[in-house]
Amino acid sequence: MKSINSENADFRIRSYGKSELAQLYLPDITPCAARRTFNSWIVLSPGLSDRLKAYGFTPSSHYYTPMQVRLIVDALGEP
600 MKSINSENAD FRIRSYGKSE LAQLYLPDIT PCAARRTFNS WIVLSPGLSD RLKAYGFTPS
660 SHYYTPMQVR LIVDALGEP
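If you're matching positions, the sequence shown starts at 600 in the working numbering and goes up one per residue.
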């Protein structure tokens, strides 16, 4: 797995559960609140929801694929 060069050298592009990735971005709040806030960021980021859907993401998806994680990091930055 390839690491992205940034302050968080431990972050890797790989498959993540929805709450797992949300908590990387929002570690100081509950998993449920992190997921809700993270989902709102995705909706507010121009075109990100559409790009995620184009790569197979649906509301019932439990995980983000590595490609979907790449799209999120490109839009929101690294956690």
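C-beta atoms are modelled at their ideal positions from N, C-alpha and C, and glycine is treated no differently.
Just so you know, these numbers come straight off a predicted model, no measurement behind them.
Run of the alpha helix (DSSP H) containing residue i, from where it starts to where it stops
i: Glu619; result: Lys617 to Tyr624
i: Ser648; result: Leu647 to Ala653
i: Asp673; result: Pro665 to Leu675
i: Phe637; result: Pro630 to Leu643
For residue i, the nearest candidate out of the options (CA to CA)
i: Pro658; options: Ala674, Leu625, Asp627 and Arg635; result: Arg635
i: Ile612; options: Ala674, Arg669 and Leu675; result: Arg669
i: Gly616; options: Thr664, Asp673, Pro678 and Gly655; result: Thr664
i: Ser618; options: Phe610, Asp609 and Ile628; result: Ile628
Exposure label - residue i; buried when at least 16 CB within 10 Å
i: Leu620; result: buried
i: Ala633; result: buried
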